[in-house]
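Colleague: Below is the structure I would like to discuss, written out as structure tokens.
Number of protein chains: 2
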Amino acid sequence: MVQIKDVAKRAGVSVASVSRVLTGLPVVSEPTRLRVLAAVKELDYRPDLAARRLRSRRSDTIGLVVSDIRNPFFTEVSRAVEDVAFSRQMRVILCNTDEDPNKEASCLELMRDEKVSGVILSPSLKLLSHFTRADYGFPIVLVDRYERGIEADAVLLDNFDAAYRLTEHLLANGHRQIVFVYGAESATGRQRLEGHRAAMVKHQLPVQAEGVKPMEDQAREAALAVLKRSPLPQAVIASSGLILLGVAEALRATRTVIPRDIAVAGFDNLPWTQLVEPGLTVIAQPTYDMGREAIELLLQRIATPDKAMRQLVMRGELIERGSSAARQHT
Amino acid sequence: MVQIKDVAKRAGVSVASVSRVLTGLPVVSEPTRLRVLAAVKELDYRPDLAARRLRSRRSDTIGLVVSDIRNPFFTEVSRAVEDVAFSRQMRVILCNTDEDPNKEASCLELMRDEKVSGVILSPSLKLLSHFTRADYGFPIVLVDRYERGIEADAVLLDNFDAAYRLTEHLLANGHRQIVFVYGAESATGRQRLEGHRAAMVKHQLPVQAEGVKPMEDQAREAALAVLKRSPLPQAVIASSGLILLGVAEALRATRTVIPRDIAVAGFDNLPWTQLVEPGLTVIAQPTYDMGREAIELLLQRIATPDKAMRQLVMRGELIERGSSAARQHT
DNA sequence: ATTTAGGTTGTAATCGACTACATGTTTTTT
DNA sequence: AAAAAACATGTAGTCGATTACAACCTAAAT
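For the record, the sequence lines run as chains A and B.
First residue of the first sequence? That's 9 in the numbering used here, and the numbers climb one at a time after it.
First residue of the second sequence? That's 9 in the numbering used here, and the numbers climb one at a time after it.
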């Protein structure tokens, strides 16, 4: 195993100089720098990360704590985070919480043990409700979930605005009786409900909301119940991609024709939403960008810990497809 | 910062005893063990991982190297790997290669630097073609991709069998002119082509294969070209979920009706395959189980490095849906 | 010519845990 | 009862880097 003293010997300098070159300190002369780099290359020296981390108290590692990496939103975020981290020679450690506060606490403890430089976190509702930055030894950037007034960096969709515009779109196309199926245990779901509510109230229409647990089968059951109503509502909105999937399954199971029998709209522009006839109208989130912004924000926070907290609120894009087409007068 | 000597003092023992208790060595008496554990709890002591790793030369970390975590197959595998690792107090480090041999080499180098206990790898075609276990300082388990005769642990689908059965299913339903759209740059795609070929040859039918790059838009273009043919083939098989998506997009864009105009079948039982009318017939892979088996295999390999290599070949499940319904005689 | 400042370099201490070895104690064997 | 074996524990060295500090050299300032 070649180590730093071998490099030092080869380059004819002390270990301190080698270390200075490798950590990028600007206190080495150009000639020594070049000789060290040459020796490193000749010997194919790789610094021992454990030793480096022990002494320097830093790990150059980013933690990513999400409910479930299989959620396409988080998958995309993780890819963005990994891309940026990789380009900066940093590592990513992943942890799934399943929305379980205990597992979430374990994950954050794990991150503390790893002495991560920072964490990108999608918090459970419970953690979000009493989030305090001082509780952790590392900076945190929240993604997807955030509540007004919390002192934390965050990257999220403008949920209120997105749901408001989606609702306005349906209303403009003549749909009046709208059922809003949303994730009741999620801050995001609730904020989207508020945006929907605001649009409905503005048009003096009643709000029909169905809160579900954030699982596909739950959403399907809720949607099936809605579809048993008589008369059928004129439209249904799903507050997330997962719920939209459940709704689509229910519609297919009951042979309900979109948009003739009922109009549909939802969140998350997943690949399949354009495949389901006649194409599902959705709010697209800039997921990859959100992940990228989250880690950039985190890296800035690590560099300058005392600047004021920032929230990056991103705008969703309304993608109109056949599922929300104008209502035919009957 | 509370450290091991604080615990030792509190428990009235030496640091060696504390270390022995914490690393689970069976050479401590029960009384001291209990007193150490009590002291650990009272002080909320957390061992410094960097120090531990430096001295012990082990990291208790697993590397996961895949082409793209956004591929649902790998997403699911990563979730399984993370679950098992988490339950054993191990970490997972993720790296995406984009099928680029250079990035792949960087990822594996990164894993070496991290002194991972082992790696779960989905190799590029190039790496697979001259894979040698001795090239790395850690054990490797291959997932999804494997070639006969390679001396390596692996977990994969029985691709030949799955494609064979899928083809037999289409043939049994009366489809004769079948186009097989497959990922030409993937070992998996090629193996599936061989299975398809075997079934066609057995029935003395010609093989029509279209190799594409493993990207959705490439598959769509290829499928569009196929759909321009006159007469239209009677069925199309997609050798992966990604390609199936491209095919489905092409069919929708051309308003081709499944299965009246053309029958469809493919791989990967993704949530949306049952949503596309009239439901797409697919081979389902036991993805989560494959991930679980992969890390279990890896942990066994770490425990006993010298046992013979093992390949776990799993059987795909044929899920028949409307897209491959029996051909109407004309 | 002497002092001062600024820039380079090297020596040695240090990070915090694991573990080889030595030592002491108890149990078993002869 | 003595010797050997087995077990339990402690002391101190070690893992391989970073970095505080001191020492040195050169150039600028007095």
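Just so it is clear, CB atoms sit at the ideal spot from N, CA and C, and this is done for glycine as well.
Would you identify the three-state DSSP class for residue 110 of chain A, choosing helix, strand or coil?
Modeller: Taking the first residue of the first sequence as 1, we reach residue 110 of chain A at position 102. Helix at residue 110 of chain A.
Colleague: Can you find the residues in the same chain that come closer than 7 Å, C-beta to C-beta, to residue 77 of chain B, ignoring five residues on each side of it along the sequence?
Modeller: Your numbering for residue 77 of chain B matches position 69 in the second sequence. Answer for residue 77 of chain B: 83, 86, 102, 104, listed in chain order.
Colleague: In chain order, what residues of the same chain have a beta carbon less than 6 Å from the beta carbon of residue 284 of chain A, not counting five sequence neighbours either side?
Modeller: Looking up residue 284 of chain A in the first sequence gives position 276. So the qualifying residues of the chain are 256.
Colleague: Which residue's Cα is closest to the Cα of residue 12 of chain B: B/36, B/37, B/57?
Modeller: The count along the second sequence starts at 1 and reaches residue 12 of chain B at position 4. The candidate whose alpha carbon is nearest that of residue 12 of chain B is B/57.
Colleague: For residue 57 of chain A, which residues in chain B fall below 7 Å Cβ to Cβ?
Modeller: The residue labelled residue 57 of chain A in the question sits at position 49 within the first sequence. Near residue 57 of chain A (Cβ distances below 7 Å), the residues of chain B are 121, 122.
Colleague: Between B/62, B/332, B/303, B/242, which lies nearest to residue 185 of chain B when the distance is taken from Cα to Cα?
Modeller: For the purposes of this step, residue 185 of chain B is taken as the residue at position 177 of the second sequence. Checking every option, the nearest Cα to that of residue 185 of chain B belongs to B/242.
Colleague: If I'm right that residue 248 of chain B touches residue 276 of chain B with Cβ under 8 Å, what's the distance once you round it to whole angstroms?
Modeller: Working through the second sequence from its first residue, we reach residue 248 of chain B at position 240. Working through the second sequence from its first residue, we reach residue 276 of chain B at position 268. Contact holds; Cβ gap of about 6 Å.
Colleague: When you check each C-beta in the stretch 262-280 of chain A against every C-beta of chain B, which residues fall closer than 7 Å?
Modeller: Answer set for the stretch 262-280 of chain A: 279, 280.
Colleague: Step through the CB atoms of chain B and report whether any lies within less than 9 Å of the CB of residue 291 of chain A.
Modeller: As a position in the first sequence, residue 291 of chain A is number 283, starting the count at 1. False, the Cβ-Cβ gap to chain B never drops below 9 Å.
Colleague: Out of A/183, A/167, A/18, A/301, state which residue places its alpha-carbon closest to the alpha-carbon of residue 213 of chain A.
Modeller: To locate residue 213 of chain A, count along the first sequence from 1; it is residue 205. That would be A/183, whose Cα lies nearest to the Cα of residue 213 of chain A.
Colleague: Mark residue 110 of chain B as exposed unless 16 or more other C-beta atoms lie within 10 angstroms of its C-beta, in which case mark it buried.
Modeller: One-based indexing of the second sequence puts residue 110 of chain B at position 102. Under this definition residue 110 of chain B is an exposed residue.
Colleague: Taking only the alpha-carbon atoms, compute the straight-line gap between residue 27 of chain A and residue 74 of chain A and give it to the nearest angstrom.
Modeller: Along the first sequence, read from residue 1 onward, the residue named residue 27 of chain A stands at position 19. Along the first sequence, read from residue 1 onward, the residue named residue 74 of chain A stands at position 66. Using only the alpha carbons, I get a separation of about 36 Å.
Colleague: Let me check one thing: in DSSP terms, what residues is residue 319 of chain A bridge-paired to?
Modeller: As a working note, residue 319 of chain A is residue 311 in the first sequence. BP columns for residue 319 of chain A point to A/162.
Colleague: Please state whether the Cβ-Cβ distance between residue 325 of chain B and residue 292 of chain B is less than 9 Å.
Modeller: To locate residue 325 of chain B, count along the second sequence from 1; it is residue 317. To locate residue 292 of chain B, count along the second sequence from 1; it is residue 284. Yes, Cβ-Cβ distance for residue 325 of chain B and residue 292 of chain B is below 9 Å.
Colleague: Step through the CB atoms of chain A and report whether any lies within less than 9 Å of the CB of residue 167 of chain B.
Modeller: To locate residue 167 of chain B, count along the second sequence from 1; it is residue 159. No, because no Cβ of chain A sits closer than 9 Å to the Cβ of residue 167 of chain B.
Colleague: Is residue 148 of chain B helix, strand or coil when you go by DSSP?
Modeller: On the second sequence, residue 148 of chain B is found 140 positions in, with the first residue counted as 1. Residue state, collapsed to three classes: strand.
Colleague: DSSP three-state call for residue 69 of chain A: helix, strand or coil?
Modeller: Within the first sequence, the letter at position 61 stands for residue 69 of chain A. In the structure shown, residue 69 of chain A sits in a strand (DSSP, three-state: E or B).
Colleague: With DSSP run on the structure shown, which of helix, strand or coil describes residue 187 of chain B?
Modeller: Residue mapping note: residue 187 of chain B aligns to position 179 of the second sequence, counting from 1. DSSP places residue 187 of chain B in strand when its eight states are reduced to three.
Colleague: Run the CB neighbour count on residue 33 of chain A, radius 10 Å, all protein chains shown included, and call it buried at 16 or more, exposed below.
Modeller: Start at 1 with the first residue of the first sequence, and residue 33 of chain A comes out as number 25. Per the 10 Å Cβ criterion, exposed.
Colleague: Just to confirm, is the Cβ distance from residue 132 of chain B to residue 152 of chain B under 9 Å?
Modeller: In the second sequence, the residue the question calls residue 132 of chain B occupies position 124. In the second sequence, the residue the question calls residue 152 of chain B occupies position 144. Cβ distance not < 9 Å, so residue 132 of chain B and residue 152 of chain B don't count as in contact.
Colleague: Cβ atoms of residue 318 of chain B and residue 147 of chain B: under 9 Å apart, would you say?
Modeller: Numbered from its first residue, the second sequence carries residue 147 of chain B at position 139. Numbered from its first residue, the second sequence carries residue 318 of chain B at position 310. Contact: no.
Colleague: Taking 9 Å as the CB-CB cut-off, is residue 87 of chain A touching chain B?
Modeller: Locating residue 87 of chain A in the first sequence gives position 79, where the first residue counts as 1. Chain B, which has a Cβ nearer than 9 Å to the Cβ of residue 87 of chain A, makes this yes.
Colleague: Whole angstroms are fine: how far does the CA of residue 40 of chain B sit from the CA of residue 94 of chain B?
Modeller: One-based indexing of the second sequence puts residue 94 of chain B at position 86. One-based indexing of the second sequence puts residue 40 of chain B at position 32. Taking the straight line from one Cα to the other gives about 28 Å.
Colleague: State the start and end residues of the unbroken beta strand (DSSP E) segment that holds residue 8 of chain A.
Modeller: One cannot answer for residue 8 of chain A here, as it falls past the ends of chain A, which runs 9 to 338.
Colleague: Could you give the distance in angstroms between the alpha-carbon of residue 97 of chain B and the alpha-carbon of residue 23 of chain B?
Modeller: Counting from 1 along the second sequence, the entry for residue 97 of chain B is found at position 89. Counting from 1 along the second sequence, the entry for residue 23 of chain B is found at position 15. The alpha-carbon atoms of residue 97 of chain B and residue 23 of chain B are separated by roughly 23 Å.
Colleague: With respect to the beta strand (DSSP E) encompassing residue 308 of chain A, which residues constitute its N-terminal and C-terminal limits?
Modeller: Position 300 of the first sequence, counting from 1, holds the residue named residue 308 of chain A. Here residue 308 of chain A belongs to no beta strand (DSSP E); instead the alpha helix (DSSP H) covers 295-311.
Colleague: How long is the line joining the alpha carbons of residue 211 of chain B and residue 178 of chain B, rounded to whole angstroms?
Modeller: The residue you call residue 211 of chain B lines up with position 203 of the second sequence. The residue you call residue 178 of chain B lines up with position 170 of the second sequence. Going from the Cα of residue 211 of chain B to the Cα of residue 178 of chain B covers about 12 Å.
Colleague: Compare the beta carbon distance of residue 64 of chain A and residue 125 of chain A with 9 Å and say whether it is the shorter of the two.
Modeller: As a working mapping, residue 64 of chain A is identified with position 56 in the first sequence. As a working mapping, residue 125 of chain A is identified with position 117 in the first sequence. For residue 64 of chain A and residue 125 of chain A, no; Cβs fall outside 9 Å.
Colleague: What number of angstroms, rounded off, separates the C-alpha of residue 112 of chain B from the C-alpha of residue 139 of chain B?
Modeller: Locating residue 112 of chain B in the second sequence gives position 104, counting from the first residue. Locating residue 139 of chain B in the second sequence gives position 131, counting from the first residue. The straight-line gap from Cα to Cα measures roughly 13 Å.
Colleague: Find the residues of chain B that neighbour residue 105 of chain A, judging by a C-beta separation of less than 7 Å, and give them in chain order.
Modeller: If you number the first sequence from 1, residue 105 of chain A lands on position 97. Here the premise fails: no neighbours, minimum Cβ distance about 10 Å.
Colleague: What do you get for residue 42 of chain B, buried or exposed, if any count of 16 or more other CB atoms within 10 angstroms of its CB means buried?
Modeller: The residue you call residue 42 of chain B lines up with position 34 of the second sequence. Flag for residue 42 of chain B reads exposed.
Colleague: For residue 268 of chain B, is the classification buried or exposed, using 16 other Cβ atoms within 10 angstroms of its Cβ as the cut-off for buried?
Modeller: Stepping through the second sequence from its first residue, residue 268 of chain B is reached at position 260. That one is exposed.
Colleague: Compare the C-beta of residue 81 of chain B against all C-beta atoms of chain A and say whether one is closer than 9 Å.
Modeller: Mapped onto the second sequence, residue 81 of chain B falls at position 73. False, the Cβ-Cβ gap to chain A never drops below 9 Å.
Colleague: From which residue to which residue does the beta strand (DSSP E) around residue 129 of chain A run?
Modeller: Start at 1 with the first residue of the first sequence, and residue 129 of chain A comes out as number 121. Per DSSP, residue 129 of chain A belongs to the beta strand (DSSP E) from 126-129.
Colleague: Between the stretch 199-206 of chain B and the stretch 222-234 of chain B, do at least 3 Cβ pairs fall closer than 8 Å?
Modeller: Contact fails: fewer than three Cβ-Cβ distances are below 8 Å.
Colleague: For residue 122 of chain A, count neighbouring C-beta atoms within 10 Å of its own C-beta (all shown protein chains included) and say buried if the count is 16 or more, exposed if not.
Modeller: Here residue 122 of chain A corresponds to residue number 114 of the first sequence, with the count starting at 1. So residue 122 of chain A counts as buried.
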